[in-house]
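Peer 1: From first to last, the protein sequence lines stand for chains D and S. Numbered continuously in our numbering, the first sequence closes out at residue 202. Numbered continuously in our numbering, the second sequence closes out at residue 450. Using N, Cα and C, we set each Cβ at its ideal position, and we do this for glycine too. Since this is a predicted model, take the numbers as computed values, not measurements. Once you've had a glance at the structure underneath, I'll fire off some questions.
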Amino acid sequence: QKEVEQNSGPLSVPEGAIASLNCTYSDRGSQSFFWYRQYSGKSPELIMFIYSNGDKEDGRFTAQLNKASQYVSLLIRDSQPSDSATYLCAVTGTASKLTFGTGTRLQVTL
Amino acid sequence: SAVISQKPSRDICQRGTSLTIQCQVDSQVTMMFWYRQQPGQSLTLIATANQGSEATYESGFVIDKFPISRPNLTFSTLTVSNMSPEDSSIYLCSVEGWDLETQYFGPGTRLLVL
Chain D
93 QKEVEQNSGP LSVPEGAIAS LNCTYSDRGS QSFFWYRQYS GKSPELIMFI
143 YSNGDKEDGR FTAQLNKASQ YVSLLIRDSQ PSDSATYLCA VTGTASKLTF
193 GTGTRLQVTL
Chain S
337 SAVISQKPSR DICQRGTSLT IQCQVDSQVT MMFWYRQQPG QSLTLIATAN
387 QGSEATYESG FVIDKFPISR PNLTFSTLTV SNMSPEDSSI YLCSVEGWDL
437 ETQYFGPGTR LLVL
């Protein structure tokens with residue numbers, strides 16, 4: 093079983109719609125959860141982090157965490173073509189090490 | 337967040353040779369990390385580098401293959417030794433943020449081994 097799982101996509105959404113990206117993790121002791129955006133040929137860029145159950149909003153981005161279900165998601169409102177990228181979910185488990193999912197490729201279409 | 341640079345940004349190397357990748361940060365950080373991202377795949381942690389102590393390697397990575405130096409709080413190097421085509425990858429360094437939870441990545445080094 094993979095430690096952090098994501099649907100590889102591509103997830104295609106029209107411009108202006110809400111993109112919903114999902115991630116599940118296996119380590120119940122995980123404490124911190126991160127979303128990174130990676131454009132093709134570039135390094136990952138941190139866009140959101142969440143530590144507590146519930147929602148956390150930052151601009152067009154909302155991270156949602158449900159520790160009981162071992163589930164974290166990222167919502168992107170009013171999706172723009174510039175949001176087209178691979179979104180990596182990362183989880184800090186024991187020993188404070190980041191474990192990454194394989195990423196979901198998002199395509200925002202005109 | 338810190339400004340992180342890596343050198344070289346890319347290189348093409350012959351099998352059997354070694355390449356040293358440098359990572360420089362514009363502020364002092366305790367923890368630095370080295371990752372590998374193979375084509376089409378996600379990031380895999382190679383090792384954690386703390387200043388003043390030996391690097392801690394993840395399962396599947398050994399010091400003889402990936403020696404790491406951490407001479408001060410703003411600099412680290414990763415050497416990829418005795419390279420083979422399977423080492424072709426992007427190598428990324430990262431540093432912990434001020435909150436000791438987040439990590440920020442350098443621009444990466446694209447390595448192609450022929």
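Buried or exposed: where does Trp-127 (chain D) fall if 16 or more other Cβ atoms within 10 Å of its Cβ makes it buried?
Peer 2: Burial call: buried.
Peer 1: State the Cα-Cα distance for the pair Gln-162 (chain D) and Ala-109 (chain D), rounded to the nearest angstrom.
Peer 2: Roughly 26 Å between the two C-alpha positions.
Peer 1: Here's the rule I'm using: 16 or more other beta-carbon atoms within 10 Å means buried, otherwise exposed. How should Glu-432 (chain S) be labelled?
Peer 2: With 16 or more other Cβ atoms within 10 Å, it is buried.
Peer 1: Taking 8 Å as the threshold (beta carbon to beta carbon), is Pro-344 (chain S) in contact with chain A?
Peer 2: No chain A appears in this structure, whose protein chains are D and S.
Peer 1: DSSP beta-bridge partners for Tyr-143 (chain D)?
Peer 2: Answer by DSSP bridge pairing: none, since Tyr-143 (chain D) is not bridged.
Peer 1: Do you know whose CA, among S:Val-449, S:Ser-425, S:Trp-434, lies nearest Leu-381 (chain S)'s CA?
Peer 2: The shortest Cα separation from Leu-381 (chain S) among S:Val-449, S:Ser-425, S:Trp-434 belongs to S:Ser-425.
Peer 1: Please work out which residues of its chain come closer than 7 Å, Cβ to Cβ, to Gln-350 (chain S), disregarding the five sequence neighbours upstream and downstream, and give them in chain order.
Peer 2: The residues are Leu-450.
Peer 1: So which of D:Gly-133, D:Val-96, D:Leu-180, D:Val-200 has the shortest CA-CA distance to Arg-346 (chain S)?
Peer 2: Ranking D:Gly-133, D:Val-96, D:Leu-180, D:Val-200 by Cα distance to Arg-346 (chain S) puts D:Gly-133 first.
Peer 1: Under 8 Å between the Cβ atoms of Ser-124 (chain D) and Arg-197 (chain D)?
Peer 2: Not a contact, by the Cβ cut-off of 8 Å.
Peer 1: Would you kindly report the start and end of the unbroken beta strand (DSSP E) that includes Asn-114 (chain D)?
Peer 2: Counting along the chain, the beta strand (DSSP E) containing Asn-114 (chain D) begins and ends at 111-117.
Peer 1: In chain D, which residues lie less than 9 Å from Glu-437 (chain S) when you measure between Cβ atoms?
Peer 2: In chain order: Gln-123, Ser-124, Phe-126, Phe-141, Tyr-143, Thr-184, Ser-188.
Peer 1: Which class does Glu-390 (chain S) belong to by DSSP, given the choice of helix, strand or coil?
Peer 2: Coil at Glu-390 (chain S), not helix or strand.
Peer 1: Which of helix, strand or coil does DSSP assign to Asp-150 (chain D)?
Peer 2: Three-state DSSP puts Asp-150 (chain D) in a strand.
Peer 1: Does the beta carbon of Pro-375 (chain S) sit closer than 8 Å to a beta carbon anywhere in chain D?
Peer 2: It does not: the Cβ of Pro-375 (chain S) has no partner Cβ on chain D nearer than 8 Å.
Peer 1: Residues in the same chain with beta-carbon distance under 7 Å from Asn-386 (chain S), minus the five sequence neighbours each way, listed in chain order, please.
Peer 2: If we look at Asn-386 (chain S) and ignore the five residues flanking it on each side, its Cβ neighbours are Thr-366, Met-367, Arg-406.
Peer 1: Report yes or no: do the segment 433-447 of chain S and the segment 416-425 of chain S share at least 3 C-beta pairs separated by less than 8 Å?
Peer 2: At 8 Å Cβ cutoff, the stretches touch.
Peer 1: Quick check on this structure: which residue in D:Lys-189, D:Gln-130, D:Gly-146, D:Glu-95 has the alpha carbon closest to the alpha carbon of Ser-174 (chain D)?
Peer 2: The shortest Cα separation from Ser-174 (chain D) among D:Lys-189, D:Gln-130, D:Gly-146, D:Glu-95 belongs to D:Gln-130.
Peer 1: How would you write the range of the beta strand (DSSP E) that Glu-437 (chain S) sits in, first residue to last?
Peer 2: Looking at the DSSP string, Glu-437 (chain S) is not in any beta strand (DSSP E), and its letter there is neither H nor E.
Peer 1: Report buried or exposed for Pro-375 (chain S), applying the criterion of at least 16 other Cβ atoms within 10 angstroms of its Cβ.
Peer 2: Result: exposed.
Peer 1: Is Gly-444 (chain S) close to chain D, meaning its C-beta is less than 8 Å from at least one C-beta of that chain?
Peer 2: Yes, Gly-444 (chain S) counts as interfacial toward chain D.
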